[in-house]
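Q: Please read through the structure below; I'll follow up with questions.
Protein chains in written order, with our numbering: chain A, 130 to 402; chain B, 130 to 402.
And the structure:
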């Protein structure tokens with residue numbers, strides 16, 4: 130979620146949480162990061178989100194934020210433990226950077242790390258995140274003034290990692306939310322006139338017009354649409370979105386679509402006919 | 130807290146939390162970090178600990194750990210916000226390092242940072258932490274095999290920072306807990322035969338013999354003793370303790386005692402007569 134006004138993520142998180150062991154199989158831990166300016170606080174729990182007391186607590190005590198990144202894990206590499214739980218966080222240029230990955234990029238472990246950012250756990254995801262930060266700092270000692278330049282670098286670097294598997298991700302620094310579509314990613318930007326939205330995974334409906342002002346803008350990105358009655362935008366294969374203050378600031382080419390991504394897309398297009 | 134067996138920190142945290150706005154004035158936010166192997170999860174809350182729903186949640190849902198670092202803040206520099214809330218965390222050598230400071234080292238902001246570790250907030254504490262990590266990485270590209278060598282480096286570097294004010298701190302990487310006494314620090318190592326302990330700040334007593342095995346060992350370090358009926362050990366001025374698996378592994382000289390520390394000690398000795 131990326132917004133232009135402090136917003137709580139309870140509605141979307143309620144739908145996502147159900148997929149963590151109830152309506153979906155992603156039961157190997159979960160995490161939720163909230164930015165407050167340049168700082169993020171990350172809540173992590175290596176147990177199924179659908180039944181986690183901490184997840185319940187966060188639904189009952191909403192935290193307003195301009196940017197939040199949530200992840201529910203279905204493990205492929207790395208056992209269920211705290212060190213392997215997304216999202217991962219590092220400090221760069223005096224801000225936290227938060228990263229959550231959907232997919233597997235096993236071979237990315239062959240990408241050499243400088244040592245400045247080192248994985249704490251065993252996942253290929255965290256290795257890829259460290260390499261991405263290495264690439265960024267290699268090109269820029271300081272944050273570049275041009276956000277477009279930085280977004281292009283993130284997208285290009287992510288394209289290199291994506292050669293090693295499936296690399297859908299969310300990456301945020303509290304300012305910009307980068308979201309790369311490898312096989313599957315959707316977004317929606319909610320703005321005035323606000324309407325009703327109904328969760329796919331739970332019997333919950335919200336009337337956003339009751340809780341917003343006309344100037345509010347909220348972008349939500351997810352692997353699958355979270356609501357059943359809104360129009361979500363599908364990401365194109367091997368592209369990356371950059372959101373800022375709840376708006377899509379740009380779409381960037383990011384490597385080449387993988388054979389797997391093309392296959393999934395063809396299958397989905399066939400079954401949709 | 131540093132232990133040789135997974136232990137929950139609920140008893141000590143209950144006492145500490147009371148000082149965060151109830152029995153003590155440290156009401157400007159709090160944090161609690163739990164290690165699980167090389168990874169830490171850090172719960173942060175920029176509101177008074179004594180009245181924080183999140184603190185209540187953590188007391189009701191104990192997390193067992195070998196090392197935990199808690200902090201309640203009374204702000205001197207940097208306003209009340211997430212980015213200024215201790216403990217601070219960074220990754221170094223593939224482990225999280227967690228840092229909490231008691232005191233003020235304003236002038237430490239003149240210590241130049243390399244840029245590898247940069248403060249996210251405005252506190253002198255986080256600046257000092259970043260400089261400490263800079264010093265460590267400057268001397269060692271990799272974690273030195275000799276823990277004593279590393280502890281000496283931490284103690285010496287901390288001594289340099291301490292020239293700029295008051296530098297009591299806890300620093301942990303999940304393996305070793307470093308605790309520097311500038312003006313005031315106490316510790317206790319609980320081991321068999323275990324007895325009863327009564328909190329100073331709350332009407333809570335625990336009988337550790339009921340919840341431990343004879344091999345358990347738990348070290349607790351705090352600015353002031355947390356219990357009224359146990360024998361705590363006072364830190365000597367300008368020294369640093371290193372704990373490992375619940376035992377004191379060593380005591381290190383760390384710079385020179387400040388005039389302020391000597392003054393406080395003299396005053397306390399006088400009033401104790």
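C-beta: ideal position from N, C-alpha, C; glycine also.
With burial defined as no fewer than 16 other Cβ atoms inside 10 Å of the residue's Cβ, what is the status of residue 358 (chain A): buried or exposed?
A: exposed
Q: Quick check: what's the CA-CA separation for residue 198 (chain A) versus residue 218 (chain A)?
A: 11 Å
Q: Can you tell which of A:387, A:401, A:378, A:194 has the C-alpha that lies nearest to the C-alpha of residue 234 (chain A)?
A: Answer by Cα proximity: A:387.
Q: Ignore the nearest five residues each way along the sequence and tell me which others in residue 221 (chain B)'s own chain have a CB closer than 8 Å to its CB.
A: 262, 265, 266, 302
Q: Thinking C-beta only, is residue 191 (chain B) closer than 7 Å to residue 139 (chain B)?
A: yes
Q: Please list, in chain order, the residues of the region 213-235 of chain B that have any C-beta partner in chain A closer than 7 Å.
A: 219, 220, 222, 223, 224, 225
Q: Please report how far the alpha carbon of residue 137 (chain B) lies from the alpha carbon of residue 194 (chain B), in whole angstroms.
A: 6 Å
Q: Report the three-state DSSP secondary structure of residue 227 (chain B) (helix, strand or coil).
A: strand
Q: Got a sec, what are the start and stop residues for the beta strand (DSSP E) residue 174 (chain A) sits in?
A: Secondary structure note for residue 174 (chain A): its beta strand (DSSP E) is the uninterrupted segment 168-174.
Q: Which residue's Cα is closest to the Cα of residue 450 (chain B): B:141, B:132, B:133?
A: This structure does not reach residue 450 (chain B), given that chain B is present from 130 up to 402, and the question cannot be answered.
Q: Within 7 Å (strictly less), CB to CB, does residue 170 (chain A) reach chain B?
A: yes
Q: Note down, in chain order, every chain A residue with its Cβ under 9 Å from the Cβ of residue 149 (chain B).
A: The premise fails here: residue 149 (chain B) is roughly 17 Å from chain A at the closest Cβ pair, so nothing lies under 9 Å.
Q: Distance, Cα to Cα, residue 224 (chain A) vs residue 167 (chain A)?
A: 5 Å
Q: Return the chain-ordered list of same chain residues with a C-beta closer than 7 Å to the C-beta of residue 247 (chain B), the five sequence neighbours on each side being excluded.
A: Within the same chain, residue 247 (chain B) has close Cβ partners 259.
Q: With distance defined between alpha-carbon atoms, name the residue in B:328, B:310, B:376 nearest to residue 393 (chain B).
A: B:310
Q: Can the beta-carbon of residue 203 (chain B) be found closer than 7 Å to that of residue 157 (chain B)?
A: yes
Q: Could you check whether the Cβ of residue 247 (chain B) sits closer than 7 Å to any Cβ belonging to chain A?
A: yes
Q: Report all residues from its chain with a CB closer than 6 Å to the CB of residue 162 (chain A); omit the five preceding and five following residues, and keep chain order.
A: In chain order, 169, 171, 198, 216, 227 place their CB closer than 6 Å to the CB of residue 162 (chain A), counting only its own chain and leaving out the 5 sequence neighbours on each side.
Q: Could you round the C-beta distance between residue 232 (chain B) and residue 296 (chain B) to whole angstroms and report it? I think they count as a contact, below 8 Å.
A: 6 Å
Q: Taking residue 155 (chain B) as the reference, give the member of B:287, B:343, B:205 with the closest Cα.
A: B:205
Q: Across the region 142-154 of chain A and the region 327-343 of chain A, are there enough close Cβ pairs to call them in contact, namely three or more that are closer than 8 Å?
A: yes
Q: In angstroms, rounded to a whole number, what distance separates the CA positions of residue 272 (chain B) and residue 305 (chain B)?
A: 12 Å
Q: Tell me which residue opens and which closes the alpha helix (DSSP H) that residue 178 (chain A) is part of.
A: Here residue 178 (chain A) belongs to no alpha helix (DSSP H), and DSSP marks it neither H nor E.
Q: Determine the contact status of residue 291 (chain A) and residue 299 (chain A), defining contact as a CB-CB distance below 7 Å.
A: no
Q: Going by beta-carbon coordinates alone, are residue 323 (chain A) and residue 348 (chain A) separated by less than 7 Å?
A: no
Q: What does residue 279 (chain B) touch in chain A if you count any residue whose Cβ is under 8 Å from its own?
A: Per Cβ cutoff of 8 Å: no residues; residue 279 (chain B) is ~17 Å from chain A at best.
Q: Pick helix, strand or coil for residue 361 (chain B), following the three-state DSSP scheme.
A: coil
Q: Hey, quick one: how far does the beta strand (DSSP E) through residue 160 (chain A) stretch, first residue to last?
A: 159-165
Q: Just to check my reading of the structure: residue 369 (chain B) and residue 289 (chain B) have Cβ atoms closer than 8 Å, yes? What is that Cβ distance to the nearest angstrom?
A: Contact doesn't hold; Cβ gap of about 13 Å is too wide.
Q: What do you get for residue 321 (chain A), buried or exposed, if any count of 16 or more other CB atoms within 10 angstroms of its CB means buried?
A: exposed
Q: Can you check the region 249-278 of chain B for any alpha helix (DSSP H) of at least 4 residues that lies completely inside it and give the ranges in chain order?
A: 253-268
Q: For the beta strand (DSSP E) containing residue 220 (chain A), name the first residue and the last one.
A: That run of the beta strand (DSSP E) goes 217-221.
Q: At which residue ranges does the region 288-321 of chain B contain complete alpha helix (DSSP H) runs of 4 or more residues, listed in the order of the chain?
A: Runs of the alpha helix (DSSP H) inside the region 288-321 of chain B: none found.
Q: Are the beta-carbon atoms belonging to residue 401 (chain A) and residue 366 (chain A) less than 7 Å from one another?
A: no
Q: Identify whether residue 348 (chain A) lies in helix, strand or coil by the three-state DSSP scheme.
A: Shown here, residue 348 (chain A) sits in a strand according to DSSP, grouped into three states.
Q: Shortest alpha-carbon distance to residue 385 (chain A) belongs to which of A:396, A:254, A:312, A:214?
A: A:312
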